[in-house]
Structure formats: C-alpha cells, structure tokens
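Below is one structure; the comments refer to it alone.
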Amino acid sequence: MANEQDLEKIRLKDAEIAKLIAEISAMTEGMDAVSLSQLRSGSCFDPETRKVIEESIARQKAMSAHRMKKDVRPLDIAIIGGAGKMGAWFGGFLSFCGHRITVIDPASGNGKGIEDCRDSDAVIVSVPIHATAQILRELDSVCREDALIFDLTSLKGPVIDTLKDMAARRKVCSVHPM
C-alpha cells in the first residue's frame, strides 16, 4: 500500500505531466493539417526550432547508425490520416527509421486514396474514431492478406468487433501511444 510520501510524489508527477501536455497542446495548436512534407522540410517551424530539430536528428542518426540492422528491409507503410498530428508523427518517425511512407489524407493534397494501400506492407489508421471502423473494413477488402493493419484510436469499443472479424483472416493490431 502506498504511503503518504509516495502519494505526494505521484501527485507532483501528475501535475508535471499535465503541465507538459498543456505545453505540447499549445505548441501544436493549429497544426491539424500539417503535411508530412511540411514536417520533413521544416517549413512549419520557425528558423530557431528548425535548427534545433535538424541538429537533434543529425545526432540521433549518428548515434543510432551503428545499432540499426543493415539486413532489415524497409517497409512500404501507408498512413490513413497521415496529415493529422498523430499520423504525421508516426510518418516522420517511421520515415526516419528508413521506411517508405505514403500519406493518404485529403489535407495532404496528394490525391491518394484507400486504393493506394493495395501494395503496402503495413497500414496505419489515424482518423477520427467515428470513421475508424469503416476505414478498417475498406482496407480489409483492399490490402494484401499479409499486410498489417492497425489503428491508433484511443477508445477501442467502437472498433473491437471489426478488429475481431478481421483478425480471423489477417494481421491486425490496435494501439494508442499515450
């Protein structure tokens, strides 16, 4: 059982986390439709922030280059909703890891649609929760049988039946990074 001192530490940590979330929310406000290309080019950041990000990425690449397996094949990954905050983050991260990313999102302006997932090794669904189950069903009929399809919804109730149905015949996963 937690003592009063432990509970106080937890309360302080909770307050710290809440403050960080508020700061991140304030920083990302208005970035709902930032495209992957804008993130890659850094055009959505002020020059000072862009320089810090570029230096950080260079350090990370230098530090991780010797740890990355050279025999791992880059994957073709489609991100439905890839111009939103979560989708763009995953796209940037997976691109940094060497994978080929296709953003499928009306806000990206690239004209790509669900049918462009046909040859993907993996598809990430990062759309509003009310649209997720329908998108999953569409992907189930479009994607290769060996493709991994996973969603990033925070609430799983609205998609659980669809995922269970799909899991009977293909690889599916339901995650949320928070």
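Heads up: take any position in the sequence shown, counting from 1, add 357, and you land on the working numbering. Even glycine gets a Cβ: it sits at the ideal position worked out from N, Cα and C.
Return helix, strand or coil for residue i, following the three-state DSSP convention.
i           : result
residue 459 : strand
residue 430 : coil
residue 473 : helix
residue 513 : coil
residue 407 : helix
residue 400 : coil
residue 449 : helix
residue 415 : helix
residue 494 : helix
residue 525 : coil
For residue i versus residue j, is the C-beta distance shorter than 8 Å?
i           : j           : result
residue 438 : residue 484 : yes
residue 509 : residue 487 : no
residue 517 : residue 495 : no
residue 444 : residue 436 : yes
residue 503 : residue 523 : no
residue 431 : residue 466 : no
residue 482 : residue 492 : yes
Just confirm the distance between the C-beta atoms of residue i and residue j, as a whole number of angstroms; I'd bet it's less than 8 Å.
i           : j           : result
residue 457 : residue 476 : Contact doesn't hold; Cβ gap of about 11 Å is too wide.
DSSP beta-bridge partners for residue i?
i           : result
residue 531 : 508
residue 480 : 435, 506
According to the neighbour-count rule (16 or more other Cβ atoms, all chains shown, within 10 Å of its Cβ), is residue i buried or exposed?
i           : result
residue 474 : buried
residue 429 : exposed
residue 460 : buried
residue 506 : buried
residue 462 : buried
residue 377 : exposed
residue 434 : buried
residue 520 : buried
residue 525 : exposed
residue 351 : Past the edges of the chain, shown from 358 to 535, lies residue 351, and the structure says nothing about it.
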